[in-house]
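Going line by line, the protein sequences match chains D and L. The first sequence begins at 1 in the numbering used here and counts up by one. The second sequence begins at 1 in the numbering used here and counts up by one.
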Amino acid sequence: MFYRLSGVHHTRYETARQIWPVPTDRRVVYILLALALAAPLYLPDLYLSSYVLPWLVWSAAALSLTLLMGIAGQLHFGFAAVMAIGAYSSIHLARAGVPFELALIGAGVITAVIGTLFGAAALRVKGLYLVMATLAMQYLVDWVIINVPAISGGAQATLNTPEVSFLFMPLSGTGLYYGALLWAVIVTVFVLNIKRTSFGRALVAIRDKDYAAAVIGVNPFKYKLLAFFTASFLGGISGAVLAFCYYQAVTPEQFGFNVSIQLVAMVLVGGLGSVIGAYLGAGFVLLAPMFLTNAVAYLAVWGVLPLSSSLLAHIPLMVYGLLIVGFILFEPLGLAKIYDNIRKYFLVWPFRHTQS
Amino acid sequence: MRNAIKGLIGAAGVAAIGVSGAAKSDDTFTIGLLQDFTAVYTFVTDEYHHGQMDYIELVNQEGGVEGHTIETIVRDTGNEPQRGIEAYSRARDQGAVLVDFLSTPVSRAMVNRVLDDEIVMITALHGRGDASHGTTFPYVFPMMATYWSQAMVLADYIDREQGGLEGKRIAHVYIDSPFGREPVPVLEELAERKGFEFETFAYPSPGTEQSATWSDVRRFQPDHVLIWGAGGGQPVSVREAIRAGLDPADILSVVWMAETDANTIGVDHATGVKRFEAVATGTDYPIIERIQEEVIDQGLGAGSEDEVGTTYYNIGVATMAVAVEGARLALEEFGGPLTGEKLRDGLRMIEEFDAEGMMPPITITEEDHQGGGFGRVSQWNGEAWEPITDWFAAHQDIVWEEIEKDAAEFREDN
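What follows is the structure, encoded as structure tokens:
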């Protein structure tokens, strides 16, 4: 009823192979896009600039990581370092007078090259050992940023993003939001489509078993490096967008090890390799602590929780932890799978059984 | 799906703002204490925040600031800039005129925002040192000695009380972060002027393991060592220094060294260790006595009674005492309601304010938001931190060279 399938006949291959063959899905996406485009009109600035904007950028970053971890199966626990390289490169390039559009691409390329260098470890090691190798990247990049004042921005280790314009539009005010939205849309469309290309299928083959992939003619050497290259490129630009559209002042702590873990959590809680999962995961990991903190604070103001500030501050952590454990127990495949279950239920509603 | 949720959030948000906005009246003002209760700064936040809340309660009990009651917005940021930004934006929308993050990463990320929004941000003992440059950072108030000033006070103490600096070997052992590195340029400059040998030794964050660093320090054979860390790394540094054969009296610490650290090291073991002190410790001060009487004894305290009078508690009290003094001057001069701009001007009118003897007399001007860079040296005597010098400031010319230089860089960037 909600997802009406009767009467939808695909008479050409193109329509059957669309990203969203069911018309309702397509309409939902259009509505969401329209809502996102109109968000500055109906959302107060607090929610636009402190919730939705970072959510979009982090979703783009989680999508970049899910491309590497979910689609290509290469674990990466240093993705914050990848974003840091992108953020710092873009700022230094923009400061050197490079137009912002080129600075973004330049930052992506620099990040991709460095990310691929470290990704080369994936040619020899897999699984937990690859985690160690990427962790090393995190610590090396952190160390270099902190110890080279020319990169970190002098004694105060703070780099302000210069005033820039993107395609002749100054990047400020609601422009920041649209910049982030544009990047999130680009990455989303990219990742949605990559699964339908030979490149994407090669990555999936590598993920499932790399020597089996080699036997059927997929070159693991090439595709593992390409996976790191692509994901680092996207991650680098996400870092740059995060710096320019959101933080506007970059410090090394913004890309620390804990941020890498948060990114991995976004991908895992959302659902490995899923696009909607990246959005849901980023939303959960990024926004749940904020909502919980505010909820508990309001309860305290209303006198429901007569506790000291420091104890109050820990309640959201406990709830947050419980939620993560709960979600994993309830649906190990992540939030994306929960969404999928709901969608499948309505696909045949009011009947009970789904076919797929 | 996601934007449907977003719409709901927005609707809820509009409602929430409507409710809170309507409650605002002329005889109150709001400050945001948006601090790190759960991550990196936990070693100080509890006591510090407790001191702030108790002092605010005291002021409110005594009739407020010129008849204005102080309201607080308290949020945990977990030391994460994105949560800091959210908490700050919310506090700003609810009319906060002053914010305190007590977190260097969050404060640094917030500088441009408070300058744009004209909201006072106090960065006592954290944040950017060059924010002392009042004309460049009109809304940022370090209000206590920056790390540069602290290093100069400690070095000057060695110079005057521990046999001079000339020809000495001074080691700077620090946590490998911008904070640990911060005093290096001023100390290098002083080494050149005074003719002592200066060497730096970094240990990796979080500093629970420092033995490799200290074997290098031992090879250097320093006469004095400055330890520049915070939290769990500090007792480790002291223990390692003593193991390296240093007399505890030759170990001088940055401001982050408190009773808990001495207990961790072992109260007897730590005897003799020195530290920089920005605010007096203990309960023998009129403000603390009044807090005890009018807040704690009435059951209005914000935390455990044991914390009253500890190092970080008193620092918290002092930050709010300075802020309230600024608000008082502002309200006296300009009348209510208090705004960020009025508060800024009020803070800049503070002259020789010492919180009834609890802190060095500070004077904040339009140019100098540091308040003079005063402090003193205190020593652990086995039971408490006992002051061994008067309040003084040292080599402010070197400090201000550094402030000018970094502030000029900041101006260039913006």
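Even glycine gets a Cβ: it sits at the ideal position worked out from N, Cα and C.
Using 10 angstroms around the beta-carbon of Thr197/D, count the other beta-carbons present and answer buried if the total reaches 16, otherwise exposed.
In the first sequence, counting from the first residue as 1, residue 197/D sits at position 197. Thr197/D comes out exposed.
Min CB distance Ala91/L to chain D below 7 Å:
On the second sequence, position 91 is the one that residue 91/L refers to. Not closer than 7 Å to any Cβ of chain D, the Cβ of Ala91/L fails to qualify, so no.
For Phe351/D, which residues of its own chain have a beta-carbon under 6 Å away from its beta-carbon, when the five flanking residues on both sides are left out?
Working through the first sequence from its first residue, we reach residue 351/D at position 351. Counting only Cβ-Cβ distances below 6 Å, and skipping sequence neighbours, we find nothing.
Taking Ser253/L as the reference, give the member of Gly245/L, Ile362/L, Gly272/L and Gly266/L with the closest Cα.
What you label residue 253/L is simply residue 253 of the second sequence in a count that begins at 1. Of Gly245/L, Ile362/L, Gly272/L and Gly266/L, the residue nearest in Cα terms is Gly272/L.
Can you find a C-beta in chain D that's less than 7 Å from the C-beta of Gly303/L?
As a working mapping, residue 303/L is identified with position 303 in the second sequence. Yes - at least one Cβ of chain D is within 7 Å of the one on Gly303/L.
Out of Arg113/L, Gly84/L and Tyr48/L, state which residue places its alpha-carbon closest to the alpha-carbon of Ala124/L.
Along the second sequence, read from residue 1 onward, the residue named residue 124/L stands at position 124. Ranking the options by Cα distance to Ala124/L, first place goes to Tyr48/L.
Quick check: Gly51/L and Val317/L, are their CB atoms within less than 7 Å of each other?
Taking the first residue of the second sequence as position 1, residue 51/L is located at position 51. Taking the first residue of the second sequence as position 1, residue 317/L is located at position 317. A contact, by the Cβ cut-off of 7 Å.
Please identify the residue among Asp76/L, Arg92/L, Phe43/L and Tyr55/L whose C-alpha is closest to the C-alpha of Pro44/D.
Reading the first sequence from its first residue, position 44 is the one you call residue 44/D. Comparing Cα positions, the closest option is Arg92/L.
Compare the Cα-Cα distances from Ser238/D to each of Leu53/D, Asn193/D, Asp210/D and Thr24/D and report the closest residue.
Along the first sequence, one-based indexing puts residue 238/D at 238. Ranking Leu53/D, Asn193/D, Asp210/D and Thr24/D by Cα distance to Ser238/D puts Leu53/D first.
Below 7 Å between beta carbons is the criterion; list the residues of the segment 329-345 of chain D that meet it against any residue of chain L, in chain order.
Tyr339
Suppose you measure from the CA of Gly86/D to the CA of Ala330/L; what does that come to, to the nearest Å?
If you number the first sequence from 1, residue 86/D lands on position 86. If you number the second sequence from 1, residue 330/L lands on position 330. Straight-line Cα distance between these residues: approximately 45 Å.
For Met266/D and chain L, any beta-carbon pair shorter than 7 Å?
The residue given as residue 266/D occupies position 266 in the first sequence. For Met266/D, the answer is no, since every Cβ of chain L falls outside 7 Å of its Cβ.
Write down every uninterrupted run of the alpha helix (DSSP H) in the segment 271-344 of chain D whose length is 4 residues or greater and which is fully enclosed by it, in chain order.
275-301 and 309-330
Work out the CA separation of Arg290/L and Lys342/L for me, nearest whole Å.
On the second sequence, residue 342/L is found 342 positions in, with the first residue counted as 1. On the second sequence, residue 290/L is found 290 positions in, with the first residue counted as 1. Between Lys342/L and Arg290/L, the C-alpha separation is close to 28 Å.
Give the interface partners of His314/D over in chain L, defined as CB-CB distance under 9 Å, in chain order.
As a working mapping, residue 314/D is identified with position 314 in the first sequence. Chain L residues near His314/D: Phe37, Thr38 and Asp76.
Given a cut-off of 7 Å on the beta-carbon distance, is the pair Ala243/D and Tyr223/D in contact?
Counted from its first residue, the first sequence places residue 243/D at position 243. Counted from its first residue, the first sequence places residue 223/D at position 223. Not in contact: Ala243/D and Tyr223/D (Cβ atoms no closer than 7 Å).
Segments of 3+ residues assigned as beta strand (DSSP E) that fall wholly inside the segment 338-388 of chain L
376-380 and 385-387
Alpha carbons only, please: which of Ile403/L, Phe410/L, Met257/L and Thr135/L is nearest the one belonging to Gly233/L?
Numbered from 1 along the second sequence, position 233 holds the residue referred to as residue 233/L. When each option's Cα is compared against that of Gly233/L, the closest is Met257/L.
Chain L beta carbons: is any one of them nearer than 7 Å to that of Leu75/D?
The residue you call residue 75/D lines up with position 75 of the first sequence. Answer no: the Cβ-Cβ gap between Leu75/D and chain L never drops below 7 Å.
How many angstroms separate the CA atom of Arg357/D from the CA atom of Val275/D?
Residue 357/D lies beyond the range of chain D shown here (1 to 356); nothing can be said about it.
Best match in Leu154/L, Leu102/L, Ala131/L and Gln379/L for proximity to Val111/L [C-alpha to C-alpha]
Stepping through the second sequence from its first residue, residue 111/L is reached at position 111. Nearest option by C-alpha distance: Ala131/L.
For chain L, check one thing: does any of its Cβ atoms lie closer than 7 Å to the Cβ of Tyr247/D?
One-based indexing of the first sequence puts residue 247/D at position 247. It does; some Cβ of chain L falls within 7 Å.
For His479/L, would you say it is in contact with chain D, using Cβ-to-Cβ distances shorter than 7 Å as the test?
Residue 479/L cannot be examined here, being either before or after the span of chain L that is shown, 1 to 414.
With distances taken Cα to Cα, identify the nearest neighbour of Gly415/L among Pro286/L, Ala355/L, Thr365/L and Val255/L.
Given a span of 1 to 414 for chain L in the structure shown, any question on residue 415/L remains unanswerable.
Of all Cβ atoms in chain D, is any one closer than 7 Å to the Cβ of Ile158/L?
Translated into positions along the second sequence, residue 158/L becomes position 158. No, its Cβ sits nowhere closer than 7 Å to a Cβ of chain D.
Gly277/D versus chain L: which residues are under 8 Å apart at the beta carbon?
By one-based count along the first sequence, residue 277/D stands at place 277. None at all; the shortest Cβ gap to chain L is about 11 Å.
Distance cutoff 7 Å, beta carbons only. Does Ile122/L sit that close to anything in chain D?
Counting from one through the second sequence, the residue named residue 122/L turns up at place 122. It does not; no Cβ of chain D falls within 7 Å.
The segment 92-126 of chain L: which residues have C-beta closer than 7 Å to a C-beta of chain D, in chain order?
Asp93, Pro105, Arg108, Ala109, Val111 and Asn112
Closer than 7 Å, CB to CB, is Ala61/D near chain L or not?
The sequence position of residue 61/D within the first sequence is 61, counting from 1. Chain L contact via Cβ: absent.
Tell me whether Leu322/D is buried or exposed, calling it buried when 16 or more other Cβ atoms sit within 10 Å of its Cβ.
As a working note, residue 322/D is residue 322 in the first sequence. Leu322/D comes out exposed.
Classify Leu171/D as helix, strand or coil using the three-state DSSP reduction.
The sequence position of residue 171/D within the first sequence is 171, counting from 1. Three-state DSSP puts Leu171/D in coil, outside helix and strand.
Same chain, Cβ closer than 7 Å to Arg239/L, five either side skipped, listed in chain order:
For the purposes of this step, residue 239/L is taken as residue 239 along the second sequence, with counting starting at 1. Only Ile265 meet the Cβ criterion.
With DSSP run on the structure shown, which of helix, strand or coil describes Tyr160/D?
Residue numbering aside, residue 160/D sits at position 160 when the first sequence is read from its first letter. The question names Tyr, yet the displayed sequence has Asn at residue 160/D. Strand at Asn160/D.
Nearest to Ala394/L by CA position, among Val279/L, Leu187/L and Met359/L, is which residue?
Locating residue 394/L in the second sequence gives position 394, where the first residue counts as 1. That would be Leu187/L, whose Cα lies nearest to the Cα of Ala394/L.
What's the gap between the Cα of Asp354/L and the Cα of Ser237/L?
As a first step, residue 354/L is located in the second sequence; it is residue number 354 there, counting from the start. As a first step, residue 237/L is located in the second sequence; it is residue number 237 there, counting from the start. Roughly 32 Å separates the two Cα atoms.
Using a Cβ cut-off of 7 Å, pull out every chain L residue sitting near Leu46/D, in sequence order please.
Counting from 1 along the first sequence, the entry for residue 46/D is found at position 46. Result: Gly13, Ser89, Arg90 and Asp93.
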